[in-house]
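So that you can map any letter, position 172 of the sequence shown is 842 in my numbering, and since no number is skipped, the others follow by simple counting.
Structure record follows, encoded as C-alpha cells.
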Amino acid sequence: MRIRFLIHNAYGIGGTITTTFNLAQGLAERHDVEIVSVLRHRQRPTYTLEPRVRLRHLVDLRTEQDHPLHLESARVFPEAEYRYRQYSRLTDQRIEEWLDGTDGDVVIATRPGLNVQLALQGPRRIVRIGQEHLTLDNHSPRLRRVLRRAYPRLDALTTVTEADARTYRRKMHLPGVRLQCLPNSVPDPTLPVADSSSKTVVAAGRLVPVKRFDLMIEAFARVVARRPDWQLRIYGKGEEHGRLRELIGRLGLHDNVLLMGAATPIEAEWVKGSIGLAASDFEPFGMTIVEAMRCGLPVVSTDCPHGPAEIIQDGVDGRLTPVGDPDALAAALLELIEDDSLRRRMGQAAVRHARRFSPALVVRQAEQLIDSLLEPVTGEGPGTLSGPGLGRALTSRSHALKDGAHVAAGNALRRVRGSCR
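Pasting the structure below:
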C-alpha cells in the first residue's frame, strides 16, 4: 500500500505533526509511506522521523517566499481557515500538481483547508481521507459552510474523539462518506515508567492562551502553600512565555515553577515526574495526557471538550476538574500529592489504560478503515491492500469517472471556490 500524508508544515511544532509522524511511522512497518509538507521553513524537522518514512515539501519558504504566485491569495484553500494567510496561488498550484501526479493509493489530509483541497483536487483513482484534529464546533460558521460543500467528495473523514464524530453525524450531512473516530497514537515507552517517588508535577504543550498554563501556575501556588517541597515543571515554548514568567515572579514561585523550554523527545521528562497536569479550556484530544499516562503518571486535567474525558477515568487513573477553576485543580493535585499509595495505584492504572493508544492498535484501525473503503470496489473482502487486487480496484475507480461526472466535479469546484472567496 502506498500511503501519502498531506500536512501543513512538517517542520514546525504541534500535536498534529506529532500524531501524523506517529501514525506514519506505525504504518511504515508494512506499507510505503511518505509525508508531504505543503510548506518548509527550516533545514530539518523539529521532531525526529524514522528513515523509512520519506519527507518532502511543495513550497520552500526559504527560497520561494517572494515567488510571484506566492504573493497572490489562495483561491482553493478556504479563506475562513485559520492558516489561510500562509497559503497562496502557489500552494494551490503545487498541491493540485502533486495530487494529479501522486503514485499514492491513499492520501490522508490533516487539517480542514487541506481536506477541502483533497476533496476538490484529489483524483478519484485514490482513496481520499480527511482528518479532523480540532473539532467541528471549533470552526467558524463560514468554514463549516465550506466543509459542508466539499466534504461529501471525500471517501472518509476521521475525528480524534467519539464525541466529535457524534457532532459531525448530528450537524453535517455527508452521504457516502465513512465517518469514524481514529484516536491519536503515542509510541510505546522506551524508558522505565515513573515510580511515583519524585516530588514533581510535569506539564507540557504549546505556551498559548487556550492551554491555560496561567491557571495551573495559580493552582500550584495553592499547592505550594501546603507542600513547598513540590515542584511544577512546564515544557514547551510559545507566545505566553513572557506573561507566564511574569506571573511566576509575581506569585513568588521561582523555586517551585520552572519554565523548562521545549524538550524533544519528551518521554525522558515525563518519567522524572509523579503527576501529569493539564488545564486547557478546550482540548480536541490531549496528546500530552496520553504521553504522561503511558509513562506512568496519573494526570489531573480540566474536564474540557472533548478529549480528556475520553482518556482519563476520573478517580481511577487521574482526576477531572471543572474548567477554569484553580481551587479544584489544586485540590485534585493535593489529593495525589498527599497520598503516596493512591498516586502509585493511579499511575499503574494509567499505564494499563493508555495502552489503547499504542501505535499498533491505532495503525490496525487505520488499515481496517482503508480496507473497508476498498472492499466495495474489489469485491474481494479484507486483505486486498496491495498487489494485483488493489491495482484492479484503483483502475476501476479511475475509469468509473465518466464525462458527465467530470463536468459535475468541475461545477462543484467552482461553487466551493466561490464560497471560499
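Backbone N, C-alpha and C fix where the C-beta goes; we use that ideal spot for every residue, glycine too.
Less than 7 angstroms separating the beta-carbons of Glu910 and Val878? Yes, the Cβ-Cβ distance between Glu910 and Val878 is below 7 angstroms.
When the Cα atoms are used, what is the spatial distance from Thr716 to Pro935? The alpha-carbon separation between Thr716 and Pro935 amounts to approximately 10 angstroms.
Can you grab the Cα-Cα spacing for the pair Leu1043 / Leu849, in whole Å? One C-alpha to the other measures close to 11 angstroms.
Going by DSSP, which residues form a beta bridge with Arg726? Beta-bridge analysis with DSSP links Arg726 to Val706.
How is Ala744 classed by DSSP in three states: helix, strand or coil? Ala744 falls in the coil class under three-state DSSP.
Answer yes or no: do Arg726 and Val706 have a C-beta to C-beta separation smaller than 7 angstroms? Yes, Cβ-Cβ distance for Arg726 and Val706 is below 7 angstroms.
Would a C-beta distance cut-off of 7 angstroms place Pro853 and Val830 closer than the cut-off? Their beta carbons are under 7 angstroms apart, which means Pro853 touches Val830 by this criterion.
Using the DSSP secondary-structure output, state which residues sit across from Ser971 in a beta bridge. Note: Ser971 sits in a beta bridge opposite Ala948 and Leu990.
Does the beta-carbon of Ala1063 have 16 or more other beta-carbons within 10 angstroms, so that it is buried, or is it exposed? Because Ala1063 sits at a pLDDT of 41, beneath the cut-off of 50, its placement in the model cannot be relied upon, and the point is left open.
Tell me whether Leu861 is buried or exposed, calling it buried when 16 or more other Cβ atoms sit within 10 Å of its Cβ. Around the beta-carbon of Leu861, fewer than 16 other beta-carbon atoms lie within 10 Å, marking it exposed.
Residue burial classification, Gln713 (beta-carbon count within 10 angstroms, cutoff 16): It is exposed - the Cβ of Gln713 has fewer than 16 other Cβ atoms within 10 Å.
Gly943, buried or exposed, once every other Cβ within 10 Å from all chains shown has been counted against 16: Buried is the call here.
Contacts around Asp987, its chain only, beta-carbon distance under 7 angstroms, and the 5 residues preceding and following it disregarded: The beta carbon of Asp987 sits closer than 7 angstroms to those of Met963, Pro968, Met1016, Ala1019, Ala1020 and His1023, all from its chain and outside the five residues before and after it, given in chain order.
Nearest neighbour of Thr688, chosen from Met957, Asp995, Met886 and Ser743 [CA to CA]: Nearest option by C-alpha distance: Met957.
Considering only residues of the same chain and omitting the five flanking positions on each side of Asp884, which have a CB-CB separation below 8 angstroms? Taken in chain order, the residues that qualify are Glu910, Arg913, Leu914 and Leu917.
Are the segment 892–905 and the segment 673–683 in contact at 8 angstroms, needing three or more beta carbon pairs? In short, these stretches do not touch, since the Cβ pair count stays below three.
Verify whether the separation of the beta carbon atoms of Cys974 and Phe952 is less than 7 angstroms. In this structure, Phe952 lies closer than 7 angstroms to Cys974 by Cβ.
As assigned by DSSP and simplified to three states, the class of Val1033: Note: Val1033 maps to helix in three-state DSSP.
Exposed or buried, what is Pro978 when buried is set at 16 or more other beta-carbons lying within 10 Å of its beta-carbon? Under the 10 Å beta carbon count, Pro978 is surrounded by 16 or more other beta carbons and is classified as buried.
Residue from Gln787, Arg674 and Tyr905 whose Cα sits closest to the Cα of Ala874: Comparing alpha-carbon positions, the option among Gln787, Arg674 and Tyr905 lying closest to Ala874 turns out to be Tyr905.
I think Phe675 touches Ile778, with their Cβ atoms under 8 angstroms apart; what is that distance to the nearest whole Å? The distance from the Cβ of Phe675 to that of Ile778 is about 5 angstroms, consistent with a contact at the 8 angstroms cut-off.
Skipping 5 residues on each side, what residues in its chain have a beta carbon closer than 7 angstroms to that of Pro1058? Because Pro1058 carries a pLDDT of 29, less than 50, the predicted location of this residue cannot be relied on, and the following value inherits that uncertainty. Shown here for Pro1058: not one same chain residue has a beta carbon closer than 7 angstroms to its own, the five before and five after excluded.
Would you call the CB atoms of Glu720 and Gln756 closer than 7 angstroms? Going by C-beta atoms, Glu720 is not nearer than 7 angstroms to Gln756.
Ala998 versus Gly966: straight-line alpha-carbon distance, rounded: Going from the Cα of Ala998 to the Cα of Gly966 covers about 23 angstroms.
What are the boundary residues of the alpha helix (DSSP H) that includes Met963? Run containing Met963: Met957 to Arg964, per the alpha helix (DSSP H) assignment.
Identify the residues that DSSP records as bridge partners of Val871: which are they? Residue pairing of Val871 in beta bridges, as defined by DSSP: Leu902 and Ile945.
Rounded to a whole number of angstroms, what is the C-alpha to C-alpha distance between Thr761 and Leu697? Taking the straight line from one Cα to the other gives about 27 angstroms.
Alpha carbon to alpha carbon, how far is Ala744 from Leu1003? Looking at the two C-alpha atoms, the distance is approximately 47 angstroms.
Tell me the rounded alpha-carbon separation between Ile1007 and Lys869. About 8 angstroms.
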